[in-house]
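Working notes for the structure below.
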Amino acid sequence: MNTIIRVLVMTLTVVFTTVNAQEFQGIATYKTQRKVDIKLDSTQMDSQMQERMLAMMKKQFQKTYNLTFNKEVSTYKQEEELDKPQVGGGDFQVMVVGNGGGDDVLYKNTKESRYSEVRDSFGKIFLIQDELDLIEWKLESDTKYIGEYQCYKATYTKMVEKAKVFSNVEDDKDDDTEPEMEERTVTAWYTPQIAVTNGPDKYQGLPGLILEVHDGDLTVICSKIVLNPQDKVEIEEPTKGKKVNRDEYEKIMEKKAKEMMERYAPRKGRDNGETIEIRIGG
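Residue numbers (mature numbering (1 follows the signal peptide of the UniProt record, and there is no 0)): -21 to -1, 1 to 261.
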């Protein structure tokens, strides 16, 4: 009899654990911002125009995203904006390459270590499918509270391409030199109180939900968390778009960016104003 009871208890425990894993959901809201530092000499634009452009760029990179997640999968999507900021105007134009769009969505399956990402780039829908990066986090002893959640610090280092700022697109048309690389330390704060190995964008792999990230000029901070919302939400993997892997997509974007730079580059003997390209690194 005791054996039968023990087996029954173990079976019920497995069933309840499975149900809880399937039913557990959460929605985390993140605010993102990126430092913008553009140095231009007085022959390109006066100080007032430069301040106006910097203000527009700052607004362009202040966005709000929602991470909808359960124990295994998630979607990360930007909240809809009523008024999208226009970057440029007057006698100058700013081209932002690699900034993404409001219709993009990132689906992650942390159990299978893969993702599917929809990107609306240059008027075409791409479906990028690839493996999630295995991030070698170093767990630190520092702690702090973000809202009501106790968080722990984690870091890792990676090599990234140094950001370029061009005052004239024409100068970069035939630049085939190897990109200059630098080492960057990424810092994240995670909470074991929400036991999912997930976080904003492609940051994941820690023993708790990531609530804050500092990655170069990029800062991502969680501003709100709703666990097990009353209205259940469906987390569906996207299927529409031209299927490519990460390397294929990056090659396509590099080609399209060069074509756009050539199209809008000022021609010799013509005064088309200044075109400034800003590449946003990873």
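Backbone N, C-alpha and C fix where the C-beta goes; we use that ideal spot for every residue, glycine too.
Item: Assuming contact is defined by CB atoms lying nearer than 8 angstroms, are TYR9 and VAL52 in contact in what I supplied?; Value: no
Item: Consult DSSP for ASP194 and reduce its assignment to one of helix, strand or coil.; Value: strand
Item: Can you tell which of ASP226, GLU227, THR176, GLU229 has the C-alpha that lies nearest to the C-alpha of TRP116?; Value: THR176
Item: List the DSSP bridge partners of ASP109.; Value: TYR94
Item: Please say whether GLN108 and SER100 have beta carbons closer to each other than 8 angstroms?; Value: no
Item: Rounding to the nearest angstrom, what Cα-Cα distance links VAL84 and ALA7 in this structure?; Value: 15 angstroms
Item: SER92 to GLY178, Cα distance in whole Å?; Value: 13 angstroms
Item: Restricting to Cα atoms, I'd like to know which of VAL223, MET240, LYS237 is closest to PHE105.; Value: VAL223
Item: Look at CYS201 and LEU190 and say whether their C-beta atoms are less than 8 angstroms apart.; Value: yes
Item: Are there 16 or more other CB atoms within 10 angstroms of the CB of GLN41, so buried, or fewer, so exposed?; Value: exposed
Item: Quick check: the Cα distance between TYR124 and THR198, rounded to an integer number of angstroms?; Value: 17 angstroms
Item: Do GLU161 and VAL192 have their CB atoms nearer than 8 angstroms?; Value: no
Item: Using only CA atoms, which one of GLN129, PHE48, LYS56 lies nearest to GLY5?; Value: PHE48
Item: Going by DSSP, name the residue or residues bridged to GLY220.; Value: Paired residues: none, contrary to the question.
Item: Return yes when the Cβ of LYS181 is within less than 8 angstroms of the Cβ of ASP112, no when it is not.; Value: yes
Item: Out of GLU127, GLY187, ARG13, which one is the CA nearest neighbour of ILE173?; Value: GLY187
Item: Nearest to LYS103 by CA position, among GLU58, THR170, TYR135, LYS221, is which residue?; Value: LYS221
Item: Among all the DSSP beta bridges, which residues are the ones paired with TYR169?; Value: TYR131, ILE189
Item: Just the Cα atoms here: how many angstroms apart are ASP82 and THR43?; Value: 13 angstroms
Item: Please report the residue range of the beta strand (DSSP E) in which GLU119 lies.; Value: 117 to 125
Item: Kindly list the residues whose CB is nearer than 7 angstroms to the CB of PRO208, restricted to its own chain and excluding five residues on each side of it in sequence; keep chain order.; Value: GLN4, ILE6
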